[in-house]
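Engineer: What follows is a structure written as structure tokens; I'll ask about it next.
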Amino acid sequence: MSRHYPPLYILRHGETEWNRSGRLQGHLDSPLTALGRRQAEAQNALLKCHAPADAVAISSDSARSVLTARIALAGLDLPLSRDARLREVALGDWQGMTLDEIQRDWGFLIEGRDPFDWKFDAPGGESLADLAARARAVLDGLAGPTVIVTHGLTSRVLRCLALGRSPADLGEVPGGQGVVHVVENGTARVLSA
Numbered sequence: 018m019s020r021h022y023p024p025l026y027i028l029r030h031g032e033t034e035w036n037r038s039g040r041l042q043g044h045l046d047s048p049l050t051a052l053g054r055r056q057a058e059a060q061n062a063l064l065k066c067h068a069p070a071d072a073v074a075i076s077s078d079s080a081r082s083v084l085t086a087r088i089a090l091a092g093l094d095l096p097l098s099r100d101a102r103l104r105e106v107a108l109g110d111w112q113g114m115t116l117d118e119i120q121r122d123w124g125f126l127i128e129g130r131d132p133f134d135w136k137f138d139a140p141g142g143e144s145l146a147d148l149a150a151r152a153r154a155v156l157d158g159l160a161g162p163t164v165i166v167t168h169g170l171t172s173r174v175l176r177c178l179a180l181g182r183s184p185a186d187l188g189e190v191p192g193g194q195g196v197v198h199v200v201e202n203g204t205a206r207v208l209s210a
């Protein structure tokens, strides 16, 4: 059974130094690049045109998400809270590693598999079910239009759940930095500059 959620405006944080260098972040943090700041500024312009005045905003408590939120919400007068449940999936032993390093040390776990699957099998990491439970708890607590600033995989799982889809469908929904994903009345669209 699909639950009806209020309008959602979901943003992924801007590009970070580790995004640029191909390092997996998970619960670790890395500063935004100049491009990442420009992406957040583009999200700000989109939100100024599309976010309802009565919206609230929630950000992951990671520094990259909080900074993206501050830039993207500038001038909007939306209350912002932080929620650790919006963090990226915990990647355990793989946090801070590049794909080459993971292939070298853990190739038997990822060889021939889709990254949307193997990222949930990181030794000491978090499962898709764990991430989905966190995301569902956030969604179930929303009372009105909400801007959510989060991470790549978490954003995809939130949108799958809000659309009544299985979290396992996360590879079938679009990603992207510098855009705003809107989910409203059971439909999704992407706003871009």
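Using the working numbering, read the sequence shown as starting at 18 and increasing by one per residue. Just so it is clear, CB atoms sit at the ideal spot from N, CA and C, and this is done for glycine as well.
(1) For L43, which residues in the same chain have their Cβ closer than 6 Å to its Cβ, ignoring the five residues on either side in sequence?
(2) For K65, is the classification buried or exposed, using 16 other Cβ atoms within 10 angstroms of its Cβ as the cut-off for buried?
(3) In the region 145 to 201, which residue ranges form an unbroken beta strand (DSSP E) of at least 3 residues, counting only runs that do not cross its ends?
(4) Going straight from the alpha carbon of I88 to that of Q56, what length do you get?
(5) As a quick exercise: from R81, Q60, L63, pick the residue whose alpha carbon is nearest that of L45.
(6) Considering only C-alpha positions, which residue in the set S38, E34, D100, G129 is nearest to T171?
(7) Tell me whether H21 is buried or exposed, calling it buried when 16 or more other Cβ atoms sit within 10 Å of its Cβ.
(8) In three-state terms, what does DSSP make of R81?
(9) Which complete beta strand (DSSP E) runs does the region 60 to 140 hold, if anything under 3 residues is left out?
(10) According to DSSP, which residues form a beta bridge with A205?
(11) Leaving out five residues on either side along the sequence, give the residues of the same chain with a beta carbon under 7 Å from the beta carbon of A62.
(12) If we ignore side chains and look at the alpha-carbon of each, how far apart do L52 and H30 end up?
(13) Taking the alpha-carbon positions, what's the H67 to E58 distance?
(14) Between V164 and T85, is the Cβ-Cβ spacing less than 8 Å?
(15) Would you call the region 171 to 183 in contact with the region 150 to 157, where contact means no fewer than 3 C-beta pairs closer than 8 Å?
(16) For the candidate residues L148, D134, R121, Q60, whose alpha-carbon lies nearest to that of E189?
Structural biologist: To lay it out plainly:
(1) The residue labelled residue 43 in the question sits at position 26 within the sequence shown. First, the residue type needs correcting, since residue 43 is Gly and not Leu in the sequence shown. So the list reads E105, A107, L108, Q112, once near-sequence residues are dropped.
(2) Against the sequence shown, residue 65 aligns to sequence position 48. With fewer than 16 other Cβ atoms from the protein chains shown falling within 10 Å of its own Cβ, K65 counts as exposed.
(3) Listed in chain order, they are 163 to 167, 197 to 201.
(4) Sequence index remark: in the sequence shown, residue 88 carries index 71 (1-based). Sequence index remark: in the sequence shown, residue 56 carries index 39 (1-based). Near 9 Å, if we compare the C-alpha coordinates of Q56 and I88.
(5) Translated into positions along the sequence shown, residue 45 becomes position 28. Closest in alpha carbon position to L45, among R81, Q60, L63, is R81.
(6) In the sequence shown, residue 171 corresponds to position 154, counting from 1. Minimum Cα distance to T171 is reached at D100.
(7) The sequence position of residue 21 within the sequence shown is 4, counting from 1. Residue burial annotation: H21 is exposed, with fewer than 16 other C-beta atoms found within 10 angstroms of its C-beta.
(8) The residue labelled residue 81 in the question sits at position 64 within the sequence shown. The answer is helix: DSSP assigns R81 an H, G or I state.
(9) Within the region 60 to 140, the complete beta strand (DSSP E) runs of at least 3 residues are 73 to 76, 97 to 99.
(10) Start at 1 with the first residue of the sequence shown, and residue 205 comes out as number 188. Under the DSSP definition of a beta bridge, A205 partners with V200.
(11) If you number the sequence shown from 1, residue 62 lands on position 45. In chain order, A210 place their CB closer than 7 Å to the CB of A62, counting only its own chain and leaving out the 5 sequence neighbours on each side.
(12) Position 35 of the sequence shown holds residue 52. Position 13 of the sequence shown holds residue 30. Linking L52 to H30 through their CA atoms gives a straight-line distance of about 11 Å.
(13) Within the sequence shown, the letter at position 50 stands for residue 67. Within the sequence shown, the letter at position 41 stands for residue 58. Taking the straight line from one Cα to the other gives about 14 Å.
(14) Position 147 of the sequence shown holds residue 164. Position 68 of the sequence shown holds residue 85. For V164 and T85, no; Cβs fall outside 8 Å.
(15) Result yes; three or more Cβ-Cβ pairs closer than 8 Å.
(16) Stepping through the sequence shown from its first residue, residue 189 is reached at position 172. For E189, the closest C-alpha among the options L148, D134, R121, Q60 is that of D134.
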